[in-house]
Structures are given as structure tokens and as C-alpha cells.
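Asker:
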Amino acid sequence: MSADETTFPQDFTFGVATSAYQVEGGIENDWAEWERAGKLKEPHMRCGRAVDHWNRYEEDYGLALDAGAAAFRVSLEWARIEPERGRFDGAALEAYRERLLRMKARGLRPVVTLHHFTHPTWFHRETPWHLPSSVDAFRAYARACAPLLKGLEALVISLNEPMVVLLGGYLQGVLPPGLADGPKTMAALENMVRAHVAAREELQAVLGKVELGISQNMLRFAPDRWWHPVDRALVRLGAHAYNHAFHEALVTGKLRVTMPGVASTRAHIPEARGSCEFIGVNYYSRAHLRFLPRHPFLAFQFRDRLHRGLTDIGWEDYPEGFGDILRETKRYGLPVWVTENGIDDRGGQRRPHYIHRHLEQVLAARAQGVDVRGYLYWSLLDNFEWLEGWGPRFGLYHVDFDTLERRPTPACAYFRAVAQGRRLVPPEAVLQAQPSAAR
């Protein structure tokens, strides 16, 4: 391998990622309502205090620094900030401002997400995404958040994984608001694009300049039957709709989605053109698509075709797809940030190798001209994993969910060695020199 494929430049950023609901605790929002309605895989499960990051943020900043991170991705909780429509909580805003200032003071660059899946309890009832009023609601929220970012030089993410929100909440009905309506899905998609633009306008009015984008969950799709023409067509349509349609709208101002038999949209949103400064990539796995001759007409499956063993959440470990996705982003001509990448590894031994293989793909993509600026591992801590509850463990730090004690996994030493040494080395070279690490 060349030096470009083994060495990270000094300005490349290593960091970690979290989201408010999954780690902070004590939040009353649409997800809390969803839990009480028994909608998780284990209906009794509750997020509750989460892992108490709201009170332990200083400790967690220290853990991020100990792991070699130079950036820390957090989200602002809309339900804390605007618990009732039009009433913004000054104490919550001050608390978030203090946390972000402390983060920067400790040498961590803030990466701030405005919307990471959750909504205030009033949102779906009063201004749901499929209505134009949702754009005004998000604009008002962004206006309230803008002063929090003054002087931070933060990387800002307006929306985290909007296609997951839409497909899960509007098409499949498995996430809030629990709809299964194709036309409303398309209306909501257009409004989320407009909401991003509205947030950008509000942030620019206060900050002057903002480094803004979205985080898009991007899957590598493959036909379940390589020889089947409809499976292959589904891959082409799925890859565009799921991975690229939203970013394409922010770059070109043109929103195009085709979902045969479900819904489609063609919208020209000229104000969206050129409305992001970077491409945010969340990557975890590859999915195989198969056409079915009856409802629901599409099977979506994680296969272990390479016999590596699925991750503990049941996803394929496929770093090659990460490289493919990064190369696909080159079409936008913008810097790329890996805003999430991680593995559910409940034993703690696979994670260093997973990180190594995915960082190999980052370096290879950079050597091929993809301007990847940073890599944020998901997640700093084990946390509440949405519908899956407390089972999955993605953290660099293992959390005892009873005592909330944080303990380093073997991946901490490996991540630190690469981040501080700026060089990709085999996990064995680091881990053999370490005392036995926590589980």
C-alpha cells in the first residue's frame, strides 16, 4: 500500500458520535410516547434515564479525549427546547450552550445535529412532516438553536437519516408517527428538504457562515439473485431513492424519487440548490433486495454471503460497500464526513477489526480523490438503540446499564493509536501490547 493508503493527514478529524435521546435521559418526546404504546420489540422496554449523559457530559468528554477523539457529535433535543409549540425553554437552551462551550474548551470540535429522529409530543399532531406547516415549525426551532452555535466553528447537521424517518415512520409504520401512506411519504420528503433550507437561512442570519449538511444512512444494495433482472432494477431504484435523492436535491435543487407501486415524486426546489457544504455518510452494512410477486413485493435482507458472520444486530459486515459508497459521493464535488460507522459487538472483540477494515476503505477512497475530511465512530457509549432497546452494544465504552459505569473496550486502545499516530496499523500490533481490556 502507498503512503496515501496508510497515513491520515494532520487535518483529518477522528471523532465519536451520539444522539440526545439515546444517551441523555429524562426526555419526554414522541419516542417516549411510542415506548409507552408498546411499540418496541420488547414492549416493556423504556429509555428512561438512558446512560445519563445529561448529567455526566464532562465525564463523557473526558472519555472521548482518552479514546483519541478530536470531535464529538451530539444532537439537540427539540422536545427539551420547545416542549410546547411556540414556547422555547430558556433553561434548556442555556444548558445546551454551556455543554457546547465546555466541549470546545476541552479541545473537542462540536458536531451538532438539530434533528436526530425525535420530535416534541405536539409535532405529529399539529405540524406533521406531510404538511407545509412542518417547515415553519422547523424554521422556528432552528432560529432558537442558532445562537447556541456562536463562536463554536461547529459542523452542523440539520437532519439525521431523513430517509429512515420517512420510510420507517411514513411508509412502514414502525416508527413515529406510525403511518403507511405513500403520497404522504413523498409530501413529507419534500417538506424535509424545504426544512433543511429554512434551517440554513436561520443559521446564516445569526452566524453569517455555517458548515451545514445532513447525515444520510447509505446502504450498499445488491440483488438477492444476481441474475434476476427485477432484483437488479430494484437495486438501481433503491440506491438512488434511499442513498442519493435527498443529497441530490440539496446539490441540484431537483428532488426525484421513484418507488414503483408505492409512490413517486418530482419536485423542483430551486432554493435547495447548493444548500449544503458537505456530504454526511452514515454507513453500516449491505442489504440484498429480492422482488416478490405479491405484497409487499420487496424482500430486504442481510445475507452473510462472505461467511464473515453477521454482526450481533444481524447486519452484514461488508466494508467493501463502504468504499463503494464513498466513491459514489464523489459525484457531488463536496467534502465528505463519515458521520456514523460502527458495529454491534456484544463481546467486544470484533470492533477493532471492524474499525480497521472500514478505515482502510476511507484511506483507499481518499487516495482515489474522495475528499473525506473526518470519521466519527458510532458510538462513544453503549446506548438505547431505538426499536431494539438495550440489547445492542455499539460503544467504544461498555456501559453497565444498572450502575452506568463506563469501561473501555479493546477498541478504545486501537482507535486512540490510529487517531494519535495518524497511521493505520493492524489491530494486533496495538492490542497485543495492551493489558487485558474490559469486555
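For the sequence shown, the tail end lands on 434 under the numbering used here, and the numbers increase by one without skipping.
Glycine is no exception: its CB is placed at the ideal position from the N, C-alpha and C atoms.
(1) Using 8 angstroms as the limit for Cβ to Cβ distance, is Ile338 near chain C?
(2) On a CA-only basis, which of Glu323, His283, Lys325 and His290 is nearest Glu311? Give me that one, please.
(3) Shortest alpha-carbon distance to Val394 belongs to which of Glu23, Asp47 and Gln211?
(4) Can you tell me whether DSSP reads Ala433 as helix, strand or coil?
(5) Quick check on Trp29: buried or exposed, where buried means 16 or more other Cβ atoms within 10 Å of its Cβ?
(6) Pick from Glu89, Arg215 and Gly208: whose alpha carbon is nearest that of Phe241?
(7) How long is the line joining the alpha carbons of Ala182 and Leu162, rounded to whole angstroms?
(8) Would you tell me roughly how many angstroms separate the C-alpha atoms of Asn24 and Thr2, rounded to the nearest one?
(9) Could you give the residue range of the beta strand (DSSP E) that holds Lys249?
(10) Start and end of the beta strand (DSSP E) containing Trp332?
(11) Please classify Pro403: does DSSP put it in a helix, a strand, or coil?
(12) Using 10 angstroms around the beta-carbon of Gln211, count the other beta-carbons present and answer buried if the total reaches 16, otherwise exposed.
(13) Report, in whole angstroms, the separation of the C-beta atoms of Thr334 and Leu301, which I expect to be a contact under 8 angstroms.
(14) Per DSSP, which residues does Ile274 bridge with? Please list them.
(15) When the Cα atoms are used, what is the spatial distance from Val11 to Ala236?
(16) Identify the continuous alpha helix (DSSP H) that holds Thr8 and give its terminal residues.
(17) Count the other CB atoms within 10 Å of the CB of Ala433; is the residue buried (16 or more) or exposed (fewer)?
(18) Please look up how many angstroms separate the CB atoms of Val413 and Leu321, rounded, as I've assumed it's under 8 angstroms.
(19) Is Thr180 helix, strand or coil when you go by DSSP?
(20) Pick helix, strand or coil for His283, following the three-state DSSP scheme.
(21) I'd like the span of the alpha helix (DSSP H) that includes Val230, first residue to last.
(22) Are Ala194 and Ser153 touching if we call contact CB-CB under 8 angstroms?
(23) When burial is assigned at 16 or more other CB atoms within 10 Å of the CB, is Lys145 buried or exposed?
(24) In terms of residues, what are the limits of the beta strand (DSSP E) holding Tyr372?
(25) Assign Val169 to one of three DSSP states: helix, strand, or coil.
(26) Out of Leu150, Pro403, Ala424 and Leu382, point me to the one whose CA is closest to Arg41's CA.
(27) From which residue to which residue does the beta strand (DSSP E) around Arg261 run?
(28) Of all the options Thr404, Gly316 and Leu35, which has the alpha carbon lying nearest to the alpha carbon of Pro171?
(29) Exposed or buried, which one is Ala190 when buried takes at least 16 other CB atoms within 10 Å?
(30) Starting from the Cα of Val306, find the closest Cα among Glu272, Tyr349 and Ala90 and give me that residue.
(31) Using the beta-carbon count (16 or more within 10 Å), is Ser129 buried or exposed?
(32) How about the stretch 359 to 375 and the stretch 390 to 407: do they share at least three Cβ pairs that are nearer than 8 angstroms?
(33) From the DSSP output, in three-state form, read off Pro218 for me.
Answerer: On the basis of the coordinates in this document:
(1) As a matter of chain content, chain C is missing from the structure shown, which is built from one protein chain.
(2) For the purposes of this step, residue 311 is taken as the residue at position 316 of the sequence shown. Residue His283 is the option with its Cα nearest to Glu311.
(3) Position 399 of the sequence shown, counted from the start, is the residue given in the question as residue 394. Selected option, being the one with the closest Cα: Asp47.
(4) The residue given as residue 433 occupies position 438 in the sequence shown. With a pLDDT of 46 at Ala433, under the threshold of 50, the modelled position of this residue cannot be trusted, and the question is left open.
(5) In the sequence shown, residue 29 corresponds to position 34, counting from 1. Under this definition Trp29 is a buried residue.
(6) By 1-based counting over the sequence shown, the position of residue 241 is 246. Minimum Cα distance to Phe241 is reached at Gly208.
(7) Within the sequence shown, numbered from 1, the residue matching residue 182 stands at position 187. Within the sequence shown, numbered from 1, the residue matching residue 162 stands at position 167. Distance between the alpha carbons of Ala182 and Leu162: 12 angstroms.
(8) As a position in the sequence shown, residue 24 is number 29, starting the count at 1. As a position in the sequence shown, residue 2 is number 7, starting the count at 1. Answer to the nearest angstrom: the Cα atoms are 43 angstroms apart.
(9) For the purposes of this step, residue 249 is taken as the residue at position 254 of the sequence shown. Its beta strand (DSSP E) spans residues Lys249 to Met254.
(10) One-based indexing of the sequence shown puts residue 332 at position 337. Run containing Trp332: Val331 to Asn336, per the beta strand (DSSP E) assignment.
(11) The residue you call residue 403 lines up with position 408 of the sequence shown. In the structure shown, Pro403 sits in a strand (DSSP, three-state: E or B).
(12) For the purposes of this step, residue 211 is identified with residue 216 of the sequence shown, where counting begins at 1. Classification of Gln211: buried, given that the 10 Å Cβ count is 16 or more.
(13) Position 339 of the sequence shown, counting from 1, holds the residue named residue 334. Position 306 of the sequence shown, counting from 1, holds the residue named residue 301. With 8 angstroms as the limit, Thr334 and Leu301 do not qualify as a contact, their Cβ atoms being about 26 angstroms apart.
(14) As a first step, residue 274 is located in the sequence shown; it is residue number 279 there, counting from the start. Note: Ile274 sits in a beta bridge opposite Val331.
(15) As a first step, residue 11 is located in the sequence shown; it is residue number 16 there, counting from the start. As a first step, residue 236 is located in the sequence shown; it is residue number 241 there, counting from the start. Going from the Cα of Val11 to the Cα of Ala236 covers about 28 angstroms.
(16) Position 13 of the sequence shown, counted from the first residue, corresponds to residue 8. Not the alpha helix (DSSP H): Thr8 falls in the beta strand (DSSP E), residues Thr8 to Ala12.
(17) Your numbering for residue 433 matches position 438 in the sequence shown. In this prediction, Ala433 scores a pLDDT of 46, lower than 50, which makes its location untrustworthy; no coordinate-derived value is stated.
(18) Along the sequence shown, read from residue 1 onward, the residue named residue 413 stands at position 418. Along the sequence shown, read from residue 1 onward, the residue named residue 321 stands at position 326. Not really, about 18 angstroms apart at Cβ, beyond 8 angstroms.
(19) Counted from its first residue, the sequence shown places residue 180 at position 185. Correct three-state label for Thr180: helix.
(20) Counting from 1 along the sequence shown, the entry for residue 283 is found at position 288. Here His283 sits in strand by DSSP.
(21) Within the sequence shown, the letter at position 235 stands for residue 230. Start and end: Pro224 to Gly233.
(22) The residue labelled residue 194 in the question sits at position 199 within the sequence shown. The residue labelled residue 153 in the question sits at position 158 within the sequence shown. Against a cut-off of 8 angstroms, the Cβ pair of Ser153 and Ala194 comes out as a contact.
(23) Within the sequence shown, the letter at position 150 stands for residue 145. Flag for Lys145 reads exposed.
(24) Locating residue 372 in the sequence shown gives position 377, counting from the first residue. Per DSSP, Tyr372 is one residue of the beta strand (DSSP E) stretching across Val367 to Trp373.
(25) As a first step, residue 169 is located in the sequence shown; it is residue number 174 there, counting from the start. Under the three-state reduction of DSSP, Val169 is assigned to coil, being neither helix nor strand.
(26) Taking the first residue of the sequence shown as position 1, residue 41 is located at position 46. That would be Leu382, whose Cα lies nearest to the Cα of Arg41.
(27) Locating residue 261 in the sequence shown gives position 266, counting from the first residue. Unbroken beta strand (DSSP E) run through Arg261: Ala258 to His263.
(28) The residue labelled residue 171 in the question sits at position 176 within the sequence shown. That would be Leu35, whose Cα lies nearest to the Cα of Pro171.
(29) In the sequence shown, counting from the first residue as 1, residue 190 sits at position 195. Under this definition Ala190 is a buried residue.
(30) For the purposes of this step, residue 306 is taken as the residue at position 311 of the sequence shown. Looking at the sequence itself, residue 306 is Thr, so the reference to Val does not match. For the residues Glu272, Tyr349 and Ala90, the minimum Cα distance to Thr306 belongs to Tyr349.
(31) Residue 129 sits at position 134 when you count from the first residue of the sequence shown. Buried, since its Cβ has 16 or more Cβ neighbours within 10 Å.
(32) By the Cβ rule, the stretch 359 to 375 counts as touching the stretch 390 to 407, because three or more pairs are nearer than 8 angstroms.
(33) To locate residue 218, count along the sequence shown from 1; it is residue 223. DSSP places Pro218 in strand when its eight states are reduced to three.
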